[in-house]
Amino acid sequence: MADLGKTFSGRVGIADMPRLAEVVLDCSQGEAELAFDRDGRKRVRLRGSVKATLTLACQCCLRPLQIPLESRLSLALVESLDEAERLPDHYDPLLLEEPRIRLLDIVEDELLLSLPQVPRHELDECVCDLPHETTQDPAGREEPAGRNSPFAVLAELKHK
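What follows is the structure in C-alpha coordinates.
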(Lines of atoms letter the chains of each structure in order from A and count residues from 1; the text may use other names and numbers.)
(Lines give C-alpha, C1' and ligand atoms only; values in the text may rest on other atoms or scores of the structure.)
Protein backbone atom coordinates (compact mmCIF):
# COMPACT_ATOMS: atom_id res chain seq x y z
CA MET A 1 0.00 0.00 0.00
CA ALA A 2 2.80 2.41 0.86
CA ASP A 3 4.68 1.73 -2.37
CA LEU A 4 1.49 2.42 -4.33
CA GLY A 5 0.62 5.55 -2.29
CA LYS A 6 -2.88 4.25 -1.57
CA THR A 7 -5.45 6.56 0.02
CA PHE A 8 -8.71 5.43 1.60
CA SER A 9 -11.50 7.83 2.47
CA GLY A 10 -15.17 7.62 3.29
CA ARG A 11 -17.77 7.31 6.00
CA VAL A 12 -17.55 4.74 8.75
CA GLY A 13 -20.38 3.51 10.94
CA ILE A 14 -19.82 3.91 14.65
CA ALA A 15 -21.98 0.80 15.14
CA ASP A 16 -19.22 -1.17 13.37
CA MET A 17 -16.79 -0.17 16.12
CA PRO A 18 -17.88 -2.14 19.20
CA ARG A 19 -15.50 -0.56 21.72
CA LEU A 20 -16.64 2.94 20.75
CA ALA A 21 -20.32 1.93 20.52
CA GLU A 22 -20.15 0.92 24.22
CA VAL A 23 -19.35 4.46 25.40
CA VAL A 24 -21.54 6.60 23.12
CA LEU A 25 -25.28 7.20 23.29
CA ASP A 26 -25.69 7.83 19.59
CA CYS A 27 -24.17 5.58 16.97
CA SER A 28 -23.83 8.02 14.11
CA GLN A 29 -21.26 8.04 11.33
CA GLY A 30 -17.75 9.35 11.18
CA GLU A 31 -15.44 10.32 8.35
CA ALA A 32 -11.93 9.06 7.78
CA GLU A 33 -9.17 9.71 5.30
CA LEU A 34 -6.07 7.54 5.56
CA ALA A 35 -3.07 7.55 3.24
CA PHE A 36 -0.12 5.15 3.05
CA ASP A 37 3.31 6.31 1.88
CA ARG A 38 7.01 6.15 2.73
CA ASP A 39 9.13 8.83 4.34
CA GLY A 40 12.71 9.79 3.38
CA ARG A 41 14.12 6.85 5.35
CA LYS A 42 11.76 4.39 3.58
CA ARG A 43 9.61 3.86 6.68
CA VAL A 44 6.00 2.96 5.98
CA ARG A 45 3.68 5.74 7.18
CA LEU A 46 -0.04 5.99 7.67
CA ARG A 47 -1.27 9.55 7.82
CA GLY A 48 -4.71 11.09 7.79
CA SER A 49 -7.63 12.38 9.77
CA VAL A 50 -10.70 11.06 11.54
CA LYS A 51 -13.83 13.12 12.31
CA ALA A 52 -17.10 12.36 14.07
CA THR A 53 -19.74 14.04 16.21
CA LEU A 54 -20.58 11.70 19.05
CA THR A 55 -23.33 11.90 21.64
CA LEU A 56 -22.08 11.08 25.13
CA ALA A 57 -23.67 11.27 28.57
CA CYS A 58 -22.79 14.42 30.51
CA GLN A 59 -21.13 13.23 33.72
CA CYS A 60 -22.83 15.99 35.72
CA CYS A 61 -26.48 15.76 34.64
CA LEU A 62 -26.40 12.52 32.58
CA ARG A 63 -28.23 14.25 29.72
CA PRO A 64 -27.01 13.79 26.12
CA LEU A 65 -24.09 15.93 25.03
CA GLN A 66 -22.85 16.22 21.46
CA ILE A 67 -19.08 16.41 21.10
CA PRO A 68 -17.39 17.03 17.76
CA LEU A 69 -14.12 15.12 17.49
CA GLU A 70 -11.34 15.54 14.99
CA SER A 71 -8.01 13.77 15.14
CA ARG A 72 -4.99 13.89 12.86
CA LEU A 73 -2.71 10.90 12.86
CA SER A 74 0.81 10.22 11.70
CA LEU A 75 1.77 6.63 12.35
CA ALA A 76 4.89 4.70 11.42
CA LEU A 77 4.36 0.97 11.00
CA VAL A 78 6.94 -0.95 13.02
CA GLU A 79 7.60 -4.64 13.61
CA SER A 80 9.30 -4.46 17.03
CA LEU A 81 9.43 -2.36 20.17
CA ASP A 82 13.09 -1.54 19.47
CA GLU A 83 12.11 -0.10 16.12
CA ALA A 84 9.34 1.91 17.80
CA GLU A 85 11.80 3.43 20.30
CA ARG A 86 14.01 4.68 17.47
CA LEU A 87 11.23 6.61 15.75
CA PRO A 88 11.35 10.41 15.61
CA ASP A 89 8.99 12.20 18.02
CA HIS A 90 6.58 13.28 15.29
CA TYR A 91 5.55 9.64 14.66
CA ASP A 92 3.38 7.42 16.79
CA PRO A 93 4.29 3.75 16.39
CA LEU A 94 1.81 1.22 15.07
CA LEU A 95 3.15 -2.18 16.08
CA LEU A 96 2.33 -4.79 13.44
CA GLU A 97 1.33 -8.05 15.06
CA GLU A 98 0.04 -9.49 11.79
CA PRO A 99 0.96 -8.80 8.17
CA ARG A 100 -2.41 -7.09 7.60
CA ILE A 101 -3.94 -4.19 9.47
CA ARG A 102 -7.63 -3.40 9.81
CA LEU A 103 -8.18 0.28 9.03
CA LEU A 104 -11.46 0.35 10.95
CA ASP A 105 -9.54 -0.57 14.14
CA ILE A 106 -7.21 2.39 13.59
CA VAL A 107 -10.16 4.75 13.10
CA GLU A 108 -11.80 3.38 16.26
CA ASP A 109 -8.57 3.78 18.26
CA GLU A 110 -8.21 7.41 17.14
CA LEU A 111 -11.79 8.25 18.12
CA LEU A 112 -11.41 6.56 21.51
CA LEU A 113 -8.21 8.48 22.17
CA SER A 114 -9.96 11.74 21.24
CA LEU A 115 -12.81 11.32 23.73
CA PRO A 116 -12.77 13.72 26.69
CA GLN A 117 -11.96 12.07 30.01
CA VAL A 118 -15.01 13.61 31.65
CA PRO A 119 -17.62 14.72 29.14
CA ARG A 120 -19.87 17.45 30.52
CA HIS A 121 -21.83 20.49 29.51
CA GLU A 122 -20.60 23.98 30.27
CA LEU A 123 -21.78 24.96 33.79
CA ASP A 124 -24.33 27.44 32.46
CA GLU A 125 -25.77 24.77 30.09
CA CYS A 126 -25.81 21.89 32.56
CA VAL A 127 -29.18 21.16 34.13
CA CYS A 128 -28.32 19.07 37.14
CA ASP A 129 -29.49 18.74 40.70
CA LEU A 130 -26.09 19.50 42.17
CA PRO A 131 -25.65 23.03 43.48
CA HIS A 132 -22.81 24.96 41.91
CA GLU A 133 -22.15 27.14 44.97
CA THR A 134 -19.48 25.95 47.36
CA THR A 135 -18.86 26.22 51.09
CA GLN A 136 -15.84 25.36 53.16
CA ASP A 137 -15.67 22.40 55.49
CA PRO A 138 -13.95 22.66 58.92
CA ALA A 139 -10.61 21.77 57.32
CA GLY A 140 -10.91 24.65 54.82
CA ARG A 141 -11.66 22.46 51.80
CA GLU A 142 -14.36 23.53 49.35
CA GLU A 143 -17.39 21.32 48.87
CA PRO A 144 -20.76 21.88 47.17
CA ALA A 145 -23.17 23.98 49.23
CA GLY A 146 -26.03 22.13 50.86
CA ARG A 147 -24.28 18.80 50.70
CA ASN A 148 -23.41 16.92 53.85
CA SER A 149 -19.98 15.42 53.82
CA PRO A 150 -19.88 11.70 54.54
CA PHE A 151 -17.10 12.50 57.00
CA ALA A 152 -19.07 15.15 58.92
CA VAL A 153 -19.82 12.61 61.68
CA LEU A 154 -16.09 11.89 62.06
CA ALA A 155 -15.34 15.62 62.26
CA GLU A 156 -17.83 15.95 65.10
CA LEU A 157 -16.26 13.00 66.97
CA LYS A 158 -12.84 14.57 66.57
CA HIS A 159 -13.99 17.79 68.24
CA LYS A 160 -15.56 15.89 71.19
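Heads up, the sequence shown is in the numbering used here, so the first residue is 312 and it goes up one at a time. By construction, the Cβ of each residue, glycine as well, lies at the ideal position given by its N, Cα and C atoms. Note that the structure is predicted; figures quoted are calculated from it, not measured.
Cβ neighbours of residue i in the same chain (closer than 8 Å, five flanking residues each side left out)
i: A473; result: Lying before the first or after the last residue shown, residue 473 is absent from the chain, which here runs from 312 to 471.
i: K317; result: A346 and F347
i: I417; result: L345, L357, L384, L386 and L405
i: S339; result: I325, A363, T364, L365 and T366
Sequence-distant residues of its chain with Cβ nearer than 6 Å to residue i (five each side left out)
i: S320; result: E344
i: D350; result: R356
Proximity of residue i and residue j at Cβ, strictly below 9 Å
i: D403; j: L423; result: no
i: E396; j: S425; result: no
i: L392; j: R354; result: no
i: R330; j: E419; result: yes
i: E342; j: A363; result: yes
Delimiting residues of the beta strand (DSSP E) encompassing residue i
i: E344; result: Q340 to R349
i: V389; result: P375 to V389
i: A463; result: That residue, A463, is in no beta strand (DSSP E); its alpha helix (DSSP H) goes A463 to H470.
i: V429; result: No beta strand (DSSP E) contains V429, which DSSP labels as neither H nor E.
i: P404; result: D403 to L406
i: G359; result: V355 to A368
i: G321; result: T318 to G324
Close Cβ partners of residue i (< 7 Å) along its chain, the five nearest in sequence each way excluded
i: L415; result: V323, D327 and M328
i: A463; result: none
i: K469; result: none
Start and end residues, alpha helix (DSSP H) containing residue i
i: P329; result: P329 to A332
i: E392; result: It is Leu, not Glu, that sits at residue 392 in the sequence shown. That run of the alpha helix (DSSP H) goes L392 to E396.
Assumed close pair residue i, residue j - CB separation to whole angstroms, cut-off 8 Å
i: F407; j: E390; result: Checking the sequence, you will find Leu at residue 407 rather than Phe. Right, the Cβ-Cβ distance comes to about 5 Å (below 8 Å), so this counts as a contact.
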